[in-house]
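To start, the structure under review is shown below, and the notes come after it.
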Amino acid sequence: MLKFCDVTFKYEEDSYTLIKDLSFNVNKGEFISIIGPSGCGKSTIFRLISKLERSSNGEIYINDNNINTISDPIGYMPQSDLLIPWRTILENACLPLEVGNKKQKDAKKKAEEFLKTFGLDNYKNKYPKDLSGGMRQRVSFIRTLLTGAEVMLLDEPFSALDAITKLSMQEWLLNQWSKLNKTILFITHDVEEALFLSNKIFVVSERPITKLKEVVVPFGYPRDRHMLSKPEMLSIKEELVNELKQRIEL
Numbered sequence: 002m003l004k005f006c007d008v009t010f011k012y013e014e015d016s017y018t019l020i021k022d023l024s025f026n027v028n029k030g031e032f033i034s035i036i037g038p039s040g041c042g043k044s045t046i047f048r049l050i051s052k053l054e055r056s057s058n059g060e061i062y063i064n065d066n067n068i069n070t071i072s073d074p075i076g077y078m079p080q081s082d083l084l085i086p087w088r089t090i091l092e093n094a095c096l097p098l099e100v101g102n103k104k105q106k107d108a109k110k111k112a113e114e115f116l117k118t119f120g121l122d123n124y125k126n127k128y129p130k131d132l133s134g135g136m137r138q139r140v141s142f143i144r145t146l147l148t149g150a151e152v153m154l155l156d157e158p159f160s161a162l163d164a165i166t167k168l169s170m171q172e173w174l175l176n177q178w179s180k181l182n183k184t185i186l187f188i189t190h191d192v193e194e195a196l197f198l199s200n201k202i203f204v205v206s207e208r209p210i211t212k213l214k215e216v217v218v219p220f221g222y223p224r225d226r227h228m229l230s231k232p233e234m235l236s237i238k239e240e241l242v243n244e245l246k247q248r249i250e251l
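Following this line, the structure appears as structure tokens:
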């Protein structure tokens, strides 16, 4: 589905290479979390996939097509919801369809369907300031879905939420993913969040990034939080936390 082949990248203003000869594969329909210390290059991987940056060497493929030769959208949901304050919730949700030159009437109809499906139909004429943090993130997720992209990049989408809302949004996201048949890459600093959501975890364990350590989560879906207290999960959590501590100390 998604493939990095010997990708190298550095920012022009930096003296060091951030990513060097990186290769990895993501299969269709997987939910993969990427964890690593701040500033290690996790978000840069997303920027390369979404074509906001371009590698100096190597190739990136989606469905065996080089990303630089395809016009198919990539769904990118950043940490901040980036809702436009002077547009209603419905108008915010419509943005990807408007950018795609979809007729306004058709765009609103499609956006309304998604808002209803995700329990936000009663808020469509309200403004972002009227919604809770969790609701705003749901609108941002809907907007990302409406790009029509098969691959969704979620960059720490729940990090700014309070603890209870964050847990609720994690469960909500898993429920949506199970229905939508999307491939999700999810950046987080929260090891427990990664374990709860993902079927695989990619660990950034060195700089420059030359490889991603792959950890398989040994539980299927559906999931509940009791699985996090299982001995095998506690062992993986301890291993990941210790590895991240070592990276931070270097």
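Just so you know, this note's numbering puts the end of the sequence shown at 251, numbered straight through with nothing missing. Beta carbons: idealized from backbone N, C-alpha and C, even for Gly. Computed from a predicted structure; not experimentally measured.
Per DSSP, cross-strand counterpart(s) of residue i
{"i": "residue 6", "result": "60"}
{"i": "residue 23", "result": "8"}
{"i": "residue 76", "result": "153"}
{"i": "residue 213", "result": "205"}
{"i": "residue 255", "result": "A question about residue 255 goes unanswered here, because the residues of the chain that appear run from 2 up to 251."}
{"i": "residue 66", "result": "63"}
Cβ-based neighbour list, residue i, same chain, cut-off 7 Å, excluding 5 preceding and 5 following
{"i": "residue 10", "result": "19, 20, 45, 49, 54, 56, 57"}
{"i": "residue 189", "result": "34, 36, 157, 195"}
{"i": "residue 237", "result": "196, 216"}
{"i": "residue 224", "result": "175, 197"}
{"i": "residue 213", "result": "25, 203, 204, 205"}
Distance, residue j Cα to residue i Cα
{"i": "residue 226", "j": "residue 220", "result": "12 Å"}
{"i": "residue 222", "j": "residue 176", "result": "10 Å"}
{"i": "residue 7", "j": "residue 25", "result": "9 Å"}
{"i": "residue 160", "j": "residue 72", "result": "31 Å"}
{"i": "residue 232", "j": "residue 93", "result": "44 Å"}
{"i": "residue 23", "j": "residue 81", "result": "28 Å"}
{"i": "residue 247", "j": "residue 62", "result": "32 Å"}
{"i": "residue 70", "j": "residue 235", "result": "43 Å"}
{"i": "residue 51", "j": "residue 182", "result": "20 Å"}
{"i": "residue 137", "j": "residue 127", "result": "11 Å"}
{"i": "residue 118", "j": "residue 187", "result": "23 Å"}
{"i": "residue 155", "j": "residue 140", "result": "13 Å"}
{"i": "residue 241", "j": "residue 3", "result": "24 Å"}
{"i": "residue 109", "j": "residue 120", "result": "16 Å"}
Buried or exposed (CB count within 10 angstroms, at least 16 for buried), residue i
{"i": "residue 158", "result": "buried"}
{"i": "residue 131", "result": "exposed"}
{"i": "residue 171", "result": "buried"}
{"i": "residue 43", "result": "buried"}
{"i": "residue 164", "result": "exposed"}
{"i": "residue 83", "result": "exposed"}
{"i": "residue 202", "result": "buried"}
{"i": "residue 100", "result": "exposed"}
Cβ pair residue i, residue j closer than 8 Å
{"i": "residue 200", "j": "residue 32", "result": "yes"}
{"i": "residue 116", "j": "residue 146", "result": "no"}
{"i": "residue 184", "j": "residue 29", "result": "yes"}
{"i": "residue 207", "j": "residue 229", "result": "no"}
{"i": "residue 12", "j": "residue 47", "result": "no"}
{"i": "residue 135", "j": "residue 162", "result": "yes"}
{"i": "residue 67", "j": "residue 60", "result": "yes"}
{"i": "residue 129", "j": "residue 86", "result": "yes"}
{"i": "residue 89", "j": "residue 125", "result": "yes"}
Neighbourhood of residue i by C-beta distance below 8 Å, restricted to the same chain and skipping five residues each side
{"i": "residue 41", "result": "205, 208, 210, 248"}
{"i": "residue 107", "result": "98"}
Same chain, Cβ closer than 6 Å to residue i, neighbours up to 5 away in sequence not counted
{"i": "residue 122", "result": "116"}
{"i": "residue 150", "result": "74, 75, 76"}
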